[in-house]
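Residue numbers 1 to 228, in the UniProt record's numbering, belong to the letters of the sequence shown in order.
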Amino acid sequence: MSRHEHEHEDGGTDGADASMFEPPAWDERYSGEQQVWSGEPNVQLVAEASRLTPGTALDVGCGEGGDVIWLAQHGWRVTGADFSASGLARAARNAERAGVADRVDWWQVDARTFTADGRTYDLVTTHFLHPPGHGMVEVVRRLATAVAPGGHLLVVGHAPSEAFAHLATSHHDALLLAEELVPGLPDDLEPIVVDQRPRTVVRDGRTMEIHDSTLLARRAPAGPALPE
Numbered sequence: 001m002s003r004h005e006h007e008h009e010d011g012g013t014d015g016a017d018a019s020m021f022e023p024p025a026w027d028e029r030y031s032g033e034q035q036v037w038s039g040e041p042n043v044q045l046v047a048e049a050s051r052l053t054p055g056t057a058l059d060v061g062c063g064e065g066g067d068v069i070w071l072a073q074h075g076w077r078v079t080g081a082d083f084s085a086s087g088l089a090r091a092a093r094n095a096e097r098a099g100v101a102d103r104v105d106w107w108q109v110d111a112r113t114f115t116a117d118g119r120t121y122d123l124v125t126t127h128f129l130h131p132p133g134h135g136m137v138e139v140v141r142r143l144a145t146a147v148a149p150g151g152h153l154l155v156v157g158h159a160p161s162e163a164f165a166h167l168a169t170s171h172h173d174a175l176l177l178a179e180e181l182v183p184g185l186p187d188d189l190e191p192i193v194v195d196q197r198p199r200t201v202v203r204d205g206r207t208m209e210i211h212d213s214t215l216l217a218r219r220a221p222a223g224p225a226l227p228e
């Protein structure tokens with residue numbers, strides 16, 4: 001599983017590329033000194049979460065914790081989840097430096113085998129999580145079980161575009177359109193946003209447009225208790 005944020009720099013051949021979907025490769029990547037991601041919150045998270053009343057949130061594939069920190073700074077109680085122990089350790093250090101460690105918990109879990117175990121959240125979100133073999137529909141199905149009544153699920157990924165033409169086949173096949181994820185939603189999660197949202201990025205000195213495939217769904221609030 002590969003988590004992409006803002007820019008995608010992984011290329012190479014399919015044989016060498018397959019390991020990038022597994023925890024050891026990301027443990028190695030996060031164990032270095034260099035910052036991997038920008039540290040800024042993802043654009044679609046800010047756009048959608050800013051409209052919601054803060055509550056509890058789960059960010060799956062949290063990487064270095066940029067989105068977790070932003071949510072905590074804006075009143076949410078957040079659980080950051082990732083399959084990389086090194087990534088979670090780095091995210092915890094970043095949260096400590098940002099002064100929000102007391103509002104954050106951490107959970108090492110692989111989104112491909114995620115089970116909520118009865119835990120629910122007002123917002124469940126994942127950004128640029130791209131399992132191979134079109135596995136994101138199953139991830140959406142699993143994450144949906146963690147959405148509380150009245151809560152939201154926000155899934156954002158990279159849409160196929162010319163900007164990603166350089167990717168190896170395994171990575172390119174993991175790109176997605178928002179409508180492809182809708183079958184993963186249970187009947188009681190209503191899609192509110194199903195869209196490819198354009199965003200401008202600069203890569204290798206070139207300005208180009210990419211599209212964020214954005215799925216936002218809401219679970220209906222729990223109804224009033226019936227009289228006995």
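Beta carbons are placed, not taken as given, at the ideal position from N, Cα and C, and that holds for glycine.
Contact between V109 and V124 fails: their C-beta atoms lie close to 12 Å from each other, not under 8 Å.
The segment 92 to 109 makes no contact with the segment 125 to 137, as fewer than three CB pairs between them are under 8 Å. When the alpha-carbon of A111 is set against those of A91, L176 and L58, the nearest one is in L58.
Apart from sequence neighbours up to five positions away, the residues of its chain that approach H74 with a beta-carbon distance below 8 Å are A49, S50 and P54, ordered along the chain. The criterion of a C-beta distance shorter than 8 Å is satisfied by G184 and V140.
Secondary structure note for V100: it is in no beta strand (DSSP E), with a DSSP letter that is neither H nor E. Taking a 10 Å sphere around the C-beta of A220, we find fewer than 16 other C-beta atoms and assign the residue as exposed. For T200, the closest alpha carbon among the candidates L143, S31 and E209 is that of E209. Listed in chain order, the non-local C-beta contacts of E179 below 7 Å within the same chain comprise V194, local neighbours out to five positions each way being set aside.
By the CB criterion at 8 Å, A95 and G63 fall outside the cutoff. Here A222 is exposed: its Cβ has fewer than 16 other Cβ atoms, across all protein chains shown, within 10 Å.
Between the alpha carbons of D122 and R142 lies a gap of roughly 16 Å.
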